[in-house]
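Novice: I have a structure I would like to understand better, so I am pasting it below and will then ask my questions one at a time.
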Amino acid sequence: MRRSCLFIPSSNPGMLQSADIYHFDSVIFDLEDAVTLSEKESARELLKNFLVVADLKQKEIMIRINGLDNEFAIADLECIVCDEIDTIMLPKARVSDIVYLDHVLTQIEQKKQLKKKINIVPIIELASSLLEVEAIAEENRVDGILLGAEDLTSDMEVSRTEEGTEIFYPRARIAMACKAHKIDAIDTPYTNVNQLEGLQRDALIAKGLGMNAKACIHPNQIDMVNQIFSPTKQEILKAQKIIAAYEQEKKGAFSLDGKMIDKPIIERSMKVIAKANKFGLI
Amino acid sequence: MKNSLGRFVGEGFLPFTTSNAFVNKKRIKIPEKKTTHQEKMVASLSEVFDKLHITDGMTLSFHHHLRDGDKVLSLVAAEIKKRNLKNMVLAPSSIFPCHHNLVELIEHKNVVQIYTNYVNGEVADAISQGKLAKPLIMMTHGGRPQAIESGYLKIDVAFIACPNADSQGNGNGFFGVNACGSLGYAISDMLYADKKVVITDHIVPEVGECEIKSEYIDYVLKVDSIGDAQKIVSGTTKITKDPVGLKIAKEAAHFLDLAGIIQNGFSMQTGAGGTSLAVAHFVKEIMIEKNIKASFASGGITGYFTSMLEEGLVDRLYDVQSFDLEAVSSIGKNANHLAISASSYANPFDDNIVNQLDFVILGATEVDVHFNVNVTTSSLGNIIGGSGGHADTAYGAKVTMIVTPLIKSRIPIIKEAVTTITTPGSDVDVIVTDRGIAINPLRQDLIAKMKDTNMDIVPIEELWQRAHRITGIPAKLSFSQDVIGVVMYRDGTVIDTIYRK
Numbered sequence: 001m002r003r004s005c006l007f008i009p010s011s012n013p014g015m016l017q018s019a020d021i022y023h024f025d026s027v028i029f030d031l032e033d034a035v036t037l038s039e040k041e042s043a044r045e046l047l048k049n050f051l052v053v054a055d056l057k058q059k060e061i062m063i064r065i066n067g068l069d070n071e072f073a074i075a076d077l078e079c080i081v082c083d084e085i086d087t088i089m090l091p092k093a094r095v096s097d098i099v100y101l102d103h104v105l106t107q108i109e110q111k112k113q114l115k116k117k118i119n120i121v122p123i124i125e126l127a128s129s130l131l132e133v134e135a136i137a138e139e140n141r142v143d144g145i146l147l148g149a150e151d152l153t154s155d156m157e158v159s160r161t162e163e164g165t166e167i168f169y170p171r172a173r174i175a176m177a178c179k180a181h182k183i184d185a186i187d188t189p190y191t192n193v194n195q196l197e198g199l200q201r202d203a204l205i206a207k208g209l210g211m212n213a214k215a216c217i218h219p220n221q222i223d224m225v226n227q228i229f230s231p232t233k234q235e236i237l238k239a240q241k242i243i244a245a246y247e248q249e250k251k252g253a254f255s256l257d258g259k260m261i262d263k264p265i266i267e268r269s270m271k272v273i274a275k276a277n278k279f280g281l282i
Numbered sequence: 001m002k003n004s005l006g007r008f009v010g011e012g013f014l015p016f017t018t019s020n021a022f023v024n025k026k027r028i029k030i031p032e033k034k035t036t037h038q039e040k041m042v043a044s045l046s047e048v049f050d051k052l053h054i055t056d057g058m059t060l061s062f063h064h065h066l067r068d069g070d071k072v073l074s075l076v077a078a079e080i081k082k083r084n085l086k087n088m089v090l091a092p093s094s095i096f097p098c099h100h101n102l103v104e105l106i107e108h109k110n111v112v113q114i115y116t117n118y119v120n121g122e123v124a125d126a127i128s129q130g131k132l133a134k135p136l137i138m139m140t141h142g143g144r145p146q147a148i149e150s151g152y153l154k155i156d157v158a159f160i161a162c163p164n165a166d167s168q169g170n171g172n173g174f175f176g177v178n179a180c181g182s183l184g185y186a187i188s189d190m191l192y193a194d195k196k197v198v199i200t201d202h203i204v205p206e207v208g209e210c211e212i213k214s215e216y217i218d219y220v221l222k223v224d225s226i227g228d229a230q231k232i233v234s235g236t237t238k239i240t241k242d243p244v245g246l247k248i249a250k251e252a253a254h255f256l257d258l259a260g261i262i263q264n265g266f267s268m269q270t271g272a273g274g275t276s277l278a279v280a281h282f283v284k285e286i287m288i289e290k291n292i293k294a295s296f297a298s299g300g301i302t303g304y305f306t307s308m309l310e311e312g313l314v315d316r317l318y319d320v321q322s323f324d325l326e327a328v329s330s331i332g333k334n335a336n337h338l339a340i341s342a343s344s345y346a347n348p349f350d351d352n353i354v355n356q357l358d359f360v361i362l363g364a365t366e367v368d369v370h371f372n373v374n375v376t377t378s379s380l381g382n383i384i385g386g387s388g389g390h391a392d393t394a395y396g397a398k399v400t401m402i403v404t405p406l407i408k409s410r411i412p413i414i415k416e417a418v419t420t421i422t423t424p425g426s427d428v429d430v431i432v433t434d435r436g437i438a439i440n441p442l443r444q445d446l447i448a449k450m451k452d453t454n455m456d457i458v459p460i461e462e463l464w465q466r467a468h469r470i471t472g473i474p475a476k477l478s479f480s481q482d483v484i485g486v487v488m489y490r491d492g493t494v495i496d497t498i499y500r501k
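Heads up: the sequence lines are chains A and B, in that order.
Taking the numbering used here, the leading residue of the first sequence gets 1, the next gets one more, and so forth.
Taking the numbering used here, the leading residue of the second sequence gets 1, the next gets one more, and so forth.
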């Protein structure tokens, strides 16, 4: 269960060193777009060494590797997969890519005798990926899907807008697929890092469509994203009241403050409480 | 001799004992010096030097309200050079990079001693290299007026840059092409210096409210320019966008909120640094959310605080120096934006503003495990600043909070012992860093209040260890035995000594 996922370029030692101070749920160390071709190898080595000493206080560590369509991806995996990381983020993912990645990860896990199984978060950046997102969501190891709106709209040959109407459908479809398989629907980053009002508006639209997390490209975006994707104080209080009443009534349906409470409302309340517990809000 | 903090104190100086030792001392005030002159306008700086018989070995003072845009100190320095005066003593309230022409005078022994509250730039570098013949005397913003009024710092001639003046020497900093706001640091010089010269580039028939009063002024000199007021913004006076600074600021404001300090009628000082201003920003958010109004903000004032004044979030601003042009513009037109003298601001013997502060937010170049703070020298031992009002506000405020990253440029900020003590640890209550918060064990009340919160509060030794886990343990610097400076606490005792590397 994630809310905020912060991208950090793996080629930047200063930013790597500061990673531990922010309140994100997941950090995505990027080996792909944020790293120039000439720095691919050094960034990989830097990240590998950083992971040995990093103390990220039990936060999820994701690595965005390069796409499987180029020679860097396998080198990334061979170098970086270890017990210190949790998840591989795969760009321009198709079902076939995820099947292949699962196979490679299995081999590396066995070879390095890892104690854990690495998860996969695919990025939907192609129209063809979006059309098979339901299949992607049910693939082995996949525990979340990220919408990559910049590449997707490029593939669609449409412009990105502040209103985001061009990604209404991808957001809704990804959210639906993720919810159907009980995995995280992670929204595309908001790229204007100086506009917190814009970020708020954008995140609320995504949340309204069922996304439960958002990628961040600047640490200053984390608090806003966490706030939007967390239950509010009022939601928590209401959920606590409903669950307390449910435990007292011990009935599938009952009345509380003049309103009928039944199974869907009780289940929603339980989800709110689970989230609040997970994020230390109660 | 060593003081109570174990730091060396040279002959002829009194050792620091405790920060409140002065309360048992009597305030000493020499008589104010008024003028009998009627014809005050002079044609040139040279004429001023002639009329006042400025000669070798005299002490000349200046204020720093034009900050890095000041030209008056440099004009006087040029006249000293032209006349080849020797063994001069300068007492500017601060020295900035724009005053680089002093270096030559220091090297040629035209200037042999300096009393100041802050020094930065080439002059600081020259002093760090041991070029000043006699030790630099570093004072605080409150200590300087105390030293002047008591006669410890005897000023022969005060040169007062005045952006708006009349021909008799009445003046203020509110108007004129080089309006710089409050002239608070010049007031003690005006009252107690032997002779006083107003230097202005804007003569008017009526100045309005007088910060500088003609009865004290001997001569008035009109020059083409006293400086460039645009450059009073010589540091950052905008809220930081740096995520580390913002994180620290948010935690600091949250701490103050949880500690119950942000209540109706509270008072604050946050300084002008980007992170300090960000604390003000997050405090403001809490104030709006909880419908809280502050009684006053003080110190160096920025546009952020004048906006809060205009929005009705704070009743009054006590302005000893204006840090940006928004503050300059406000002080001349808002009756609740009040110019105050450095003495009213922080003189330990005066009925001062700092003692009324609920909290102050300050920075640090180093903090040690005893909470002593250094803002005078860098971790490499070079002089880079000075107390300004650091030690004054730390003493006066009910809660003194230092905001700083735990590591700056790969150097840990928390040390076993700071290179130079500027402010004693007994006056420092909380250290807020990006990687944890430490509360001074002397403040058991704050520790108790924060005990059941989810803030990352740890002993300062743990912060020290956290820094070392990232950076390793830095090698200790070694210094020569050559004394290049003396750090005076606000009561005139010596809290530390600065050595050449």
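Beta carbons are placed, not taken as given, at the ideal position from N, Cα and C, and that holds for glycine.
Just so we're clear, the structure is a prediction, and the values are computed from it rather than from any experiment.
What residues are listed by DSSP as bridge partners for K222 (chain B)?
Specialist: BP columns for K222 (chain B) point to B:T200.
Novice: Looking at L85 (chain B) and N110 (chain B), is the spacing between their C-beta atoms short of 8 Å?
Specialist: Yes; because the gap between Cβ atoms is below 8 Å, this pair is in contact.
Novice: Apart from the five residues on each side of it in sequence, which residues of its chain come closer than 6 Å, Cβ to Cβ, to E84 (chain A)?
Specialist: L51.
Novice: Are the CB atoms of L338 (chain B) and D319 (chain B) nearer to each other than 8 Å?
Specialist: It is a contact, given that the beta carbons lie within the stated cut-off.
Novice: Mind checking which residues open and close the beta strand (DSSP E) that includes V157 (chain B)?
Specialist: Element bounds for V157 (chain B): V157 to A161.
Novice: Which word fits L477 (chain B), buried or exposed, when buried means at least 16 other C-beta atoms lie within 10 angstroms of its C-beta?
Specialist: Label assigned to L477 (chain B): exposed.
Novice: Which bits of chain B does S230 (chain A) rub up against, with CB to CB less than 8 Å?
Specialist: Correct list: empty, because the minimum Cβ distance to chain B is about 14 Å.
Novice: Would you list, in chain order, the members of the segment 219-250 of chain B that have their beta-carbon closer than 8 Å to a beta-carbon of chain A?
Specialist: For the segment 219-250 of chain B, which is checked against every Cβ of chain A, the residues closer than 8 Å are K241, P243, V244, L246, K247 and K250.
Novice: How far does the alpha helix (DSSP H) with P145 (chain B) in it reach, from first residue to last?
Specialist: Taken as a continuous stretch (DSSP letters only), the alpha helix (DSSP H) holding P145 (chain B) covers G143 to E149.
Novice: Name the two residues that bound the continuous beta strand (DSSP E) containing G299 (chain B).
Specialist: Note, G299 (chain B): beta strand (DSSP E), A294 to I301.
Novice: Just checking: is the beta-carbon of D434 (chain B) within a distance shorter than 8 Å of some beta-carbon in chain A?
Specialist: By this cut-off, D434 (chain B) is an interface position.
Novice: Please report how far the alpha carbon of Q283 (chain A) lies from the alpha carbon of E285 (chain B), in whole angstroms.
Specialist: No statement about residue 283 (chain A) is possible, as the shown extent of chain A runs from 1 to 282 and does not include it.
Novice: What are the boundary residues of the alpha helix (DSSP H) that N226 (chain A) is part of?
Specialist: I222 to I228 is the extent of the alpha helix (DSSP H) around N226 (chain A).
Novice: Would you call the segment 216-232 of chain B and the segment 351-364 of chain B touching, i.e. three or more CB-CB distances under 8 Å?
Specialist: No, they do not touch.
Novice: Is F24 (chain A) helix, strand or coil when you go by DSSP?
Specialist: Residue state, collapsed to three classes: coil.
Novice: Which of the three DSSP states is assigned to D429 (chain B) in this structure?
Specialist: Note: D429 (chain B) maps to coil in three-state DSSP.
Novice: Just to make sure I have the definition right: I need the residues of chain B whose C-beta is within less than 9 Å of the C-beta of Q17 (chain A). Which are they?
Specialist: Residues of chain B passing the Cβ test: I407, R410 and I470.
Novice: Check each candidate in B:L75, B:E11, B:L325 and B:L442 and name the one with the smallest Cα separation from H370 (chain B).
Specialist: Comparing Cα-Cα distances from H370 (chain B) to each of B:L75, B:E11, B:L325 and B:L442, the minimum goes to B:L442.
Novice: Could you name the residues that DSSP lists as bridge partners for D30 (chain A)?
Specialist: DSSP, once it has assigned bridges, lists A:P9 and A:R64 as partnering D30 (chain A).
Novice: Which value, in whole angstroms, describes the spacing of the CA atoms of P91 (chain A) and M308 (chain B)?
Specialist: About 47 Å.
Novice: Could you check whether the Cβ of N220 (chain A) sits closer than 8 Å to any Cβ belonging to chain C?
Specialist: Absent here is chain C; the protein component of the structure consists of chains A and B.
Novice: Among B:N355, B:D194, B:H64 and B:S225, whose alpha-carbon lies nearest the alpha-carbon of Q269 (chain B)?
Specialist: The shortest Cα separation from Q269 (chain B) among B:N355, B:D194, B:H64 and B:S225 belongs to B:N355.
Novice: Less than 8 Å between CB atoms is the rule here; does I236 (chain A) satisfy it with respect to chain B?
Specialist: I236 (chain A) does not count as touching chain B.
Novice: Evaluate contact between the segment 134-148 of chain B and the segment 407-418 of chain B, counting only Cβ atoms and requiring at least three cross-stretch pairs below 8 Å.
Specialist: At 8 Å Cβ cutoff, the stretches do not touch.
Novice: Quick one: what does DSSP say H254 (chain B) is sitting in, helix, strand or coil?
Specialist: H254 (chain B): helix per DSSP, three-state reduction.
Novice: Where do the ends of the alpha helix (DSSP H) carrying C216 (chain A) lie?
Specialist: C216 (chain A) -> not in any alpha helix (DSSP H); beta strand (DSSP E) instead, spanning A213 to C216.
Novice: Taking only three categories from DSSP, how would you classify P97 (chain B)?
Specialist: In the structure shown, P97 (chain B) sits in a helix (DSSP, three-state: H, G or I).
Novice: Give the list of continuous alpha helix (DSSP H) stretches no shorter than 4 residues that lie fully inside the segment 283-353 of chain B.
Specialist: You should have 303-310, 325-331 and 342-346.
Novice: Please confirm whether G198 (chain A) has its beta-carbon closer than 8 Å to some beta-carbon of chain B.
Specialist: Answer no: the Cβ-Cβ gap between G198 (chain A) and chain B never drops below 8 Å.
Novice: In three-state DSSP terms, what is E541 (chain B)?
Specialist: Nothing about residue 541 (chain B) can be reported from this structure: the residues present for chain B run from 1 to 501 only.
Novice: Quick check: S18 (chain A) and L47 (chain A), are their CB atoms within less than 8 Å of each other?
Specialist: Taking 8 Å as the Cβ cut-off, S18 (chain A) and L47 (chain A) do not qualify as a contacting pair.
Novice: Against N454 (chain B), what residues of chain A qualify as contacts under a CB-to-CB distance less than 9 Å, listed in chain order?
Specialist: G280, listed in chain order.
Novice: Just to confirm, is the Cβ distance from R2 (chain A) to G208 (chain A) under 8 Å?
Specialist: No, they are not a contact pair.
Novice: When we look at the beta-carbon of E149 (chain B) and count the other beta-carbons within 10 Å, is it buried (16 or more) or exposed?
Specialist: Under this definition E149 (chain B) is a buried residue.
Novice: Using DSSP with H/G/I as helix, E/B as strand and the rest coil, what is D166 (chain B)?
Specialist: Coil at D166 (chain B), not helix or strand.
Novice: To the nearest whole angstrom, what separates the beta carbons of D368 (chain B) and A438 (chain B), a pair I think is in contact under 8 Å?
Specialist: Wrong, their Cβ atoms sit about 11 Å apart, outside the cutoff.
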